[in-house]
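Asker: Note that our numbering has the sequence shown beginning at 33, numbered continuously upward.
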Amino acid sequence: MKRIFESCLSQNISRFGLVASVLVFSQLASGLCVKSARANLRSSPSSSSSISWTVGQYTPLIRLEKKGAWYRVRDQDGEEHWISSRIVTTSYQCVAVKGTMARLRTGPGTQYPLAFYGLADKYWPLKRIERQENWYKVEDDSGYQFWVHDSNVWRPLTVSEFNF
Numbered sequence: 033m034k035r036i037f038e039s040c041l042s043q044n045i046s047r048f049g050l051v052a053s054v055l056v057f058s059q060l061a062s063g064l065c066v067k068s069a070r071a072n073l074r075s076s077p078s079s080s081s082s083i084s085w086t087v088g089q090y091t092p093l094i095r096l097e098k099k100g101a102w103y104r105v106r107d108q109d110g111e112e113h114w115i116s117s118r119i120v121t122t123s124y125q126c127v128a129v130k131g132t133m134a135r136l137r138t139g140p141g142t143q144y145p146l147a148f149y150g151l152a153d154k155y156w157p158l159k160r161i162e163r164q165e166n167w168y169k170v171e172d173d174s175g176y177q178f179w180v181h182d183s184n185v186w187r188p189l190t191v192s193e194f195n196f
């Protein structure tokens, strides 16, 4: 019985080793956060190219490609731009208000009263602090913290591809 088990285990390890050796992982896109107070998104990877949009601290972006010191990124509307790699980070996560407005709460649920600001406009960028179920505790660029439901925010997702 012991020999049969060892033989089956050996065959399964060999099969797994074969699969693992041909598994190729590619990261197609990943999230970035603007870390400077203001950032210019550009039409091409150069500081002399035209500015396509100016965004604030904590604006979330999807990194698509790196070219020198520049990243090609996608914003929450699906538009593509270039941004200097010096003014973005992956050390924390960010979200931005989607839709017309989002209610900001003092706690993670509709039973909590509205926070100091009450409502946030579309595109308002926020640093993600923590998550409780479907609620994010977030912080704005002034340091105020409140809660927002995940259905009211856009966040960049990491997109990976596995090839066998």
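Each residue gets a CB set at the ideal place from its N, CA and C atoms; glycine is no exception.
#1: Using the rule of at least 16 other Cβ atoms within 10 Å of the residue's Cβ for burial, across every protein chain shown, is F148 buried or exposed?
#2: Which two residues bound the contiguous beta strand (DSSP E) that contains W114?
#3: DSSP three-state label for S75, please.
#4: Taking the straight line between their C-alpha atoms, what separation do you get for L122 and L64?
#5: Quick check: the Cα distance between E165 and P77, rounded to an integer number of angstroms?
#6: Is the beta carbon of P188 closer than 8 angstroms to that of L93?
#7: Counting C-beta neighbours from all protein chains within 10 Å, is the total for K98 16 or more, i.e. buried, or is it exposed?
#8: Could you have a look at D182 and say whether DSSP puts it in helix, strand or coil?
#9: Provide the residue(s) that pair with E165 in DSSP beta bridges, ordered along the chain.
#10: Let's test the definition: count the other Cβ atoms within 10 Å of the Cβ of R168 and tell me whether it reaches 16, buried, or not, exposed.
#11: What are the boundary residues of the beta strand (DSSP E) that Y149 is part of?
#12: Please report how far the alpha carbon of G139 lies from the alpha carbon of P145, in whole angstroms.
#13: Shortest alpha-carbon distance to V129 belongs to which of V170, W85, I119?
#14: Among A152, E162, Y155, A134, which residue has its Cα nearest to the Cα of S183?
#15: Would the stretch 69-85 and the stretch 109-128 be scored as touching if the rule is three or more Cβ pairs under 8 angstroms?
#16: Measuring straight from C-alpha to C-alpha, what distance separates Q43 and S62?
#17: Per DSSP, which residues does S62 bridge with? Please list them.
Answerer: Quick answer:
#1: Translated into the one-based positions of the sequence shown, residue 148 becomes position 116. Exposed, because fewer than 16 other Cβ atoms sit within 10 Å of the Cβ of F148.
#2: Counting from 1 along the sequence shown, the entry for residue 114 is found at position 82. From DSSP, the beta strand (DSSP E) with W114 extends over 112-116.
#3: Counting from 1 along the sequence shown, the entry for residue 75 is found at position 43. S75: coil per DSSP, three-state reduction.
#4: In the sequence shown, residue 122 corresponds to position 90, counting from 1. In the sequence shown, residue 64 corresponds to position 32, counting from 1. The sequence given here has Thr at residue 122, not Leu. Each residue's Cα considered, the two are about 5 angstroms apart.
#5: The residue you call residue 165 lines up with position 133 of the sequence shown. The residue you call residue 77 lines up with position 45 of the sequence shown. Answer to the nearest angstrom: the Cα atoms are 39 angstroms apart.
#6: The residue you call residue 93 lines up with position 61 of the sequence shown. The residue you call residue 188 lines up with position 156 of the sequence shown. In this structure, P188 lies closer than 8 angstroms to L93 by Cβ.
#7: The residue labelled residue 98 in the question sits at position 66 within the sequence shown. The residue is exposed, with fewer than 16 neighbouring Cβ atoms inside 10 Å.
#8: On the sequence shown, position 150 is the one that residue 182 refers to. Reduced to three states, the DSSP call for D182 is helix.
#9: For the purposes of this step, residue 165 is taken as residue 133 along the sequence shown, with counting starting at 1. Answer is none; E165 lacks a bridge partner.
#10: Counting from one through the sequence shown, the residue named residue 168 turns up at place 136. First, the amino acid is wrong: residue 168 is Tyr here, not Arg. Buried, because 16 or more other Cβ atoms sit within 10 Å of the Cβ of Y168.
#11: As a position in the sequence shown, residue 149 is number 117, starting the count at 1. First-last of the beta strand (DSSP E) with Y149: 146-153.
#12: Numbered from 1 along the sequence shown, position 107 holds the residue referred to as residue 139. Numbered from 1 along the sequence shown, position 113 holds the residue referred to as residue 145. The alpha-carbon atoms of G139 and P145 are separated by roughly 8 angstroms.
#13: Reading the sequence shown from its first residue, position 97 is the one you call residue 129. When only C-alpha atoms are compared, the closest one is V170.
#14: The residue labelled residue 183 in the question sits at position 151 within the sequence shown. Taking only the C-alpha atoms, the option nearest S183 is A134.
#15: yes
#16: Mapped onto the sequence shown, residue 43 falls at position 11. Mapped onto the sequence shown, residue 62 falls at position 30. Legend: pLDDT at Q43 = 46, less than 50; position of this residue unreliable, value from coordinates given subsequently. Those two C-alpha atoms are separated by around 37 angstroms.
#17: Translated into the one-based positions of the sequence shown, residue 62 becomes position 30. Its beta-bridge partners are R95.
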